[in-house]
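Participant:
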Amino acid sequence: MRHCKIAFLLLVFVLLNLVTITAQPKKEVKKIIAASYKLANKQLLELHKEVPKNLFPQTLNQDGTLKTNKSGWWTSGFFPGSLWYLYKNAKDAAIKQAALERTKLVEVEKLNVGDHDIGFKIMCSFGNQLRIIGDTSAIPVIITAAQSLTKRFSAAVGAIRSWGSITDNKNFLVIIDNMMNLELLFAATRFSGDSSYYKIAVSHADKTMANHYRNDGSSYHVIEYNPATGAVTKKRTQQGYGDESAWARGQAWGLYGYVVCYRETKDQRYLDQANKVAQFLLRHPNLPKDKIPYWDFNAPGIPNVLRDASAGAIIASGLLELSKSVNKATSAYYLKNAEDIIRSLSATPYRTVLGESHNFLLKHSVGHLTANSEVDVPLSYADYYYLEATKRYIDYKKK
Ligand code: GLY
């Protein structure tokens, strides 16, 4: 009996060590990533040459032609951000020049109070310019942008209005994606010493946790509030399959958003929320073997429905940061899942080959399926979060 007990304890010890040993990036995956970066350096420079200087690459049209947009569209920060990640890796002067040019073009957005996307735009462009080359001229841009975003905050609701005019007194819409704009506010408090940005970010994160989330850790896409009283009037979707479904990218934004909130506040509630979302995603019976989610976890027709590579990339990036804040076994589990996603995205059918798809990096994302917009296409943000996730994987230090 005593021998059995010792053997059992030994087995537990060996298993725990195995988990710990596997909790580090693999050389072979780093090689795959290095090959992706080599390709990406060429591809994104080509894309930079193809896109007019005052525009940004967004996606492909259904006929395969390139679709661009102006800085006002929510995705403008992603292309400059991708260039910054490439520059960090390759230190190539032409890439730096391209990143500086494209980032500069986003600056006008610091005054845009028309929607909540200012955080995406400014942090992916100027935020990375600051982080990657230490250019402090980005700081006043970040602070001004944060001031603009606070104009969309309502004390009555306790959240930042995502869509619609700030003067709309009938409806106040908040979407889960908005969690991604809070990083801008945390940064502004750090740089200015003014805690009001931080307080707004915390209020928004708390409101979202209370009203967007279901008990199983999945999130609604849109919450409608009464602007005067702050009461919830409706819970619904815009881009997902249905009001009660789990739209894949929305789940990804929420995961990433609460990881950032935990990084910035060290509030255990945000870490718990991020873990809850991660568990929902990774244990979901509809998560495919290659870990690239279907566009909606409840889409009818699974498994014969489209994937969303962008959601996969965002989830991988979020998991890699989250895995630094959890116990060893969970950390290994998150790292392994992020690695699986990176492996999948770095191969057929997701990653392009040189010159394919107008030099975007990833195929098979979905923007807004129910509106028949951006269906099974490359998207600039899929590329951005893929480069971010792979960079995080390369830089990953064993816990
Ligand atoms: N924030 C818009 C989207 O995820 O499609």
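To convert, count from 1 in the sequence shown and add 1060; that's the numbering used here. We put the CB at the ideal spot given by N, CA and C, even for glycine. As the structure is a prediction and not an experimental result, all values here were calculated from the model.
Identify, in the order they occur along the chain, each residue of the same chain with its Cβ nearer than 6 Å to the Cβ of N1013, setting aside the five sequence neighbours on each side.
Facilitator: Given a span of 1061 to 1459 for the chain in the structure shown, any question on residue 1013 remains unanswerable.
Participant: With DSSP run on the structure shown, which of helix, strand or coil describes R1367?
Facilitator: Of the three classes helix, strand and coil, the one that applies to R1367 here is strand, per DSSP.
Participant: Does the Cβ-Cβ distance between H1272 and L1242 come in under 8 Å?
Facilitator: For H1272 and L1242, no; Cβs fall outside 8 Å.
Participant: Enumerated in chain order, which unbroken segments of the beta strand (DSSP E) with a length of 3 residues or greater are wholly contained in the region 1210-1259?
Facilitator: Whole beta strand (DSSP E) segments, 3+ residues: 1232-1235.
Participant: Can you name, in chain order, every residue of its own chain whose Cβ lies under 8 Å from the Cβ of V1168, other than the five neighbours on each side?
Facilitator: If we look at V1168 and ignore the five residues flanking it on each side, its Cβ neighbours are S1131.
Participant: In chain order, what residues of the same chain lie with their CB nearer than 8 Å to the CB of I1178, ignoring the 5 residues before and after it?
Facilitator: For I1178, where only same-chain residues beyond five positions count, the Cβ hits under 8 Å are E1169, K1170, N1172, A1205, S1208, L1209, N1241 and L1244.
Participant: Enumerate in chain order the residues of its own chain whose CB-to-CB distance from L1439 is below 7 Å, with the five nearest sequence positions on each side excluded.
Facilitator: The residues are T1119, S1370, S1425 and G1427.
Participant: CB-CB under 8 Å to K1113, same chain, minus the five flanking residues each way: which ones, in chain order?
Facilitator: Result list for K1113: E1161 and L1165, in chain order.
Participant: Per DSSP, V1292 is paired with what?
Facilitator: Partner(s): Y1285.
Participant: Whose CA, out of N1397, D1436, E1304 and N1387, lies closest to the CA of D1368?
Facilitator: The option with the nearest alpha carbon to D1368 is D1436.
Participant: Can the beta-carbon of S1021 be found closer than 8 Å to that of H1176?
Facilitator: Because the chain is modelled from 1061 through 1459, residue 1021 falls outside the range shown and cannot be assessed.
Participant: Can you tell me whether DSSP reads Y1280 as helix, strand or coil?
Facilitator: Of the three classes helix, strand and coil, the one that applies to Y1280 here is coil, per DSSP.
Participant: Mind checking which residues open and close the alpha helix (DSSP H) that includes G1300?
Facilitator: No alpha helix (DSSP H) contains G1300, which DSSP labels as neither H nor E.
Participant: Using 8 Å as the threshold, is the region 1232-1240 in touch with the region 1308-1321, meaning 3 or more CB pairs across them?
Facilitator: At 8 Å Cβ cutoff, the stretches touch.
Participant: Using DSSP with H/G/I as helix, E/B as strand and the rest coil, what is L1190?
Facilitator: Correct three-state label for L1190: helix.
Participant: Quick check for students: name the residue ranges of the beta strand (DSSP E) that lie wholly in the region 1353-1438, counting only runs of 3 or more.
Facilitator: Entirely contained in the region 1353-1438, the beta strand (DSSP E) runs reaching 3 residues are, in chain order, 1425-1428 and 1433-1437.
Participant: Across which residues does DSSP place P1117 in a beta bridge pair?
Facilitator: P1117 pairs with T1128.
Participant: Could you tell me which whole alpha helix (DSSP H) segments of length 4 or greater appear in the region 1145-1184?
Facilitator: Segments of the alpha helix (DSSP H) lying fully in the region 1145-1184: 1153-1166 and 1178-1182.
Participant: Are the C-beta of G1277 and some C-beta of chain D separated by less than 8 Å?
Facilitator: Absent from the structure: chain D. Only one protein chain is present.
Participant: Alpha carbon to alpha carbon, how far is G1137 from F1073? Give it in angstroms, no decimals.
Facilitator: In this prediction, F1073 has a pLDDT of 48, which is less than 50 and means its spatial position is unreliable; what the coordinates show is noted afterwards. About 47 Å.
Participant: At what residues does the alpha helix (DSSP H) containing H1108 begin and finish?
Facilitator: K1087 to E1110 is the span of the alpha helix (DSSP H), which, as asked, contains H1108.
Participant: Whether or not the region 1286-1297 and the region 1336-1348 are in contact is what I'm after, with contact meaning three or more pairs of Cβ atoms, one per stretch, closer than 8 Å; do they touch?
Facilitator: The region 1336-1348, when compared against the region 1286-1297, does not touch it at the 8 Å Cβ threshold.
Participant: Just to confirm, is the Cβ distance from Y1453 to E1399 under 8 Å?
Facilitator: For Y1453 and E1399, yes; Cβs fall inside 8 Å.
Participant: Let me know if L1395 comes out buried or exposed under the rule of 16 or more other beta-carbons within 10 Å of its beta-carbon.
Facilitator: Buried is the call here.
Participant: Can you say whether T1227 is buried or exposed, counting buried as having 16 or more other CB atoms within 10 angstroms of its CB?
Facilitator: Exposed, since its Cβ has fewer than 16 Cβ neighbours within 10 Å.
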